[in-house]
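Last residue of the sequence shown: 671 in this note's numbering, with the numbers rising by one and none dropped. Note that CB positions come from ideal geometry on N, CA and C, so glycine has one too. Owing to the predicted nature of the structure, the values given are computational and were not obtained by experimental measurement. Below: the structure, in structure tokens.
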Amino acid sequence: MKQVANSFDKATLIKIGKGALISGGAVALLYILQWLITVDFGNWTPVVVGLLGILINTVKEFIAGK
């Protein structure tokens, strides 16, 4: 289905919303990673790093698809 000029259909609005979430998420991730660089977790550092890896893979698999 083609988009009508000077208007948005539901599919286009969904695409814009997803793009906004991805871009906002990237900004939030940068701030979080900047904060994590300065945090010392002591003996728990390997656990935190492992969990972050699992979280990143989970998000990657969640957004992957057809």
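Check: When the Cα atoms are used, what is the spatial distance from Asp645 to Pro651?
Finding: The residue given as residue 645 occupies position 40 in the sequence shown. The residue given as residue 651 occupies position 46 in the sequence shown. Cα-Cα distance, rounded: 11 Å.
Checklist line | Closer than 8 Å to chain D by CB, Thr650 | finding: Absence of chain D from the displayed structure is noted, only one protein chain being present.
Notebook entry, point to check: To the nearest angstrom, how far is it from the Cα of Trp640 to the Cα of Leu634?
Noted result: Working through the sequence shown from its first residue, we reach residue 640 at position 35. Working through the sequence shown from its first residue, we reach residue 634 at position 29. Distance between the alpha carbons of Trp640 and Leu634 is about 10 Å.
Item checked: For Ala610, the three-state DSSP class (helix, strand or coil) -> Looking up residue 610 in the sequence shown gives position 5. Reduced to three states, the DSSP call for Ala610 is coil.
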